[in-house]
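For the sequence shown, numbering that gives the first Met the number 0 assigns the number 0 to the initial residue and increments by one for each residue that follows.
Single-structure report; data block below.
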Amino acid sequence: MLLIFAILFLGAAAFALTEAATYPARLKARSVRLAADYGRVRVPTRTDENLRFRERVLAPASIRLASIPLKLNPRTNVEAIGAKLLAAGLSQRITPSTFLAIKGGTMVGCALLGVVFAAAASFVSAVLLLPVHGASGFSGPDFILSSRVRRRRESVRSALPDALDLLAVSVEAGLGFDGAVTKLTEHMSGPLVDEFGLLLSEMRMGESRQTALKNLAARTGAQELKSFVRAVVQADQLGISLGRILRVQAADTRLRRQAAAEEKAMKAPIKMLFPTVLFIFPSMFVVLLGPALMSVMKVLGG
């Protein structure tokens, strides 16, 4: 019975979170559809009625449910989660309230599943393991989000030198900074190019280049990109050649990437030491010394 309740709870939580996460996109699509159908006479269908009920009742209820954890957390925690979602490239799909609701749902779900499986052994073990499963479910989304932020920053760092080279070539060929960024978005892809696309959109909507560049650095959080932004802003203020600045930044970024790779290579033997001692050496001892020990035991036993 408890297992059925846990499954039903997880299903309801997944449905509510999916509704809350996809509601902004569906609302935008509905607005576009209504704008396209403006002036036309449409006969309501059963599908339209179902969609209206979903948008009118289910989605707002899911959003209100997801906003409850937002009221229970301090503002600094919510802002930190928002910054992580921004750095992970998920701010357009997941809000801090939805993420907090996901954490609450995984905490309760993991706790219930842990109780169900542990109760098969004994009631005491189920009670003792309840906080462990709840804590693991609560911290799981944070771990996944931090891992995604780390991978995205690594992708930005690895793609930055080539992107700066392309920007430098475009600027030296006579294009302005906006045109160089446009050329970059046409010939490359990846998280860094997506961020440059947002930079270009902000500048086209009226933001100054300095503000858009600072927003770019704040979104990614990569130190190399922050250095690039500072250099470009300083070049704008002092009237320095932008192409030369981009060349210098590309070379500096490559040196940093090489230094980071060398640092990882130096740490690799130390990281390999513990698995070697714990797993490889015991297996080697068993294979090499096992037959000899068995022979000695037979001789002594005889």
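The beta-carbon is built from N, C-alpha and C at its ideal position, and this holds for glycine as well.
Supposed close pair residue i, residue j - CB separation, criterion 8 Å
i: Ala167; j: Gly242; result: 5 Å
i: Arg151; j: Ala86; result: 7 Å
i: Gly81; j: Cys109; result: Actually they are not in contact, since the Cβ atoms of Gly81 and Cys109 sit about 24 Å apart, beyond 8 Å.
i: Arg256; j: Arg156; result: 6 Å
i: Ser306; j: Gly189; result: Residue 306 falls outside the range modelled here, since the chain spans only 0 to 301, and no answer is possible.
i: Val228; j: Leu237; result: Not quite, the Cβ-Cβ distance comes to about 15 Å (not below 8 Å), so this is no contact.
Three-state class that DSSP yields for residue i in the structure shown
i: Gln91; result: coil
i: Ala162; result: helix
i: Ala221; result: coil
i: Pro43; result: With a pLDDT of 47 at Pro43, under the threshold of 50, the predicted position of this residue should be treated as unreliable, and no value is reported.
i: Glu48; result: Bear in mind that the predicted position of Glu48 carries a pLDDT of just 49, short of 50, making it unreliable; the figure below should be weighed with that in mind. Residue state, collapsed to three classes: helix.
i: Thr130; result: Strictly speaking, residue 130 in this sequence is Pro, with Thr absent from that position. Helix.
i: Leu198; result: helix
i: Val295; result: helix
i: Gly81; result: helix
i: Pro73; result: coil
i: Met204; result: coil
i: Ser240; result: coil
i: Ala172; result: coil
i: Met265; result: helix
i: Gly103; result: helix
i: Ser303; result: One cannot answer for residue 303 here, as it falls past the ends of the chain, which runs 0 to 301.
Reference residue i; option with closest CA among the options
i: Leu191; options: Leu212, Arg74, Ala291, Ala264; result: Leu212
i: Leu144; options: Leu254, Pro268, Leu84; result: Leu84
i: Lys225; options: Thr252, Leu237, Met202, Glu201; result: Thr252
i: Gly136; options: Ser282, Gly113, Leu245; result: Gly113
i: Val231; options: Ala250, Met265, Arg208, Ala217; result: Arg208
i: Arg218; options: Ala258, Val148, Val107, Pro130; result: Val148
i: Ser138; options: Phe98, Lys263, Val115, Ala172; result: Phe98
i: Pro95; options: Val115, Arg74, Leu111; result: Arg74
Through-space distance from residue j to residue i, alpha-carbon basis
i: Gly205; j: Arg92; result: 24 Å
i: Leu254; j: Gln248; result: 10 Å
i: Gly175; j: Asn76; result: 40 Å
i: Met271; j: Met202; result: 48 Å
i: Lys297; j: Pro290; result: 11 Å
i: Leu292; j: Ile279; result: 19 Å
i: Asn72; j: Leu127; result: 27 Å
i: Thr275; j: Ala260; result: 22 Å
i: Ser169; j: Leu198; result: 17 Å
i: Val286; j: Pro268; result: 24 Å
i: Met106; j: Ala79; result: 20 Å
i: Ala264; j: Val295; result: 44 Å
i: Pro281; j: Lys266; result: 23 Å
i: Val180; j: Asp235; result: 16 Å
i: Ala172; j: Leu277; result: 58 Å
i: Phe284; j: Leu111; result: 43 Å
Q) Three or more beta-carbon pairs under 8 Å between the region 100-112 and the region 162-182, yes or no? A) By the C-beta criterion, the region 100-112 is judged not to be in contact with the region 162-182, since fewer than 3 inter-stretch pairs fall below 8 Å.
Q | Cβ contact (3+ pairs, closer than 8 Å) linking the region 165-184 and the region 193-202 | A | Touching, per the Cβ criterion.
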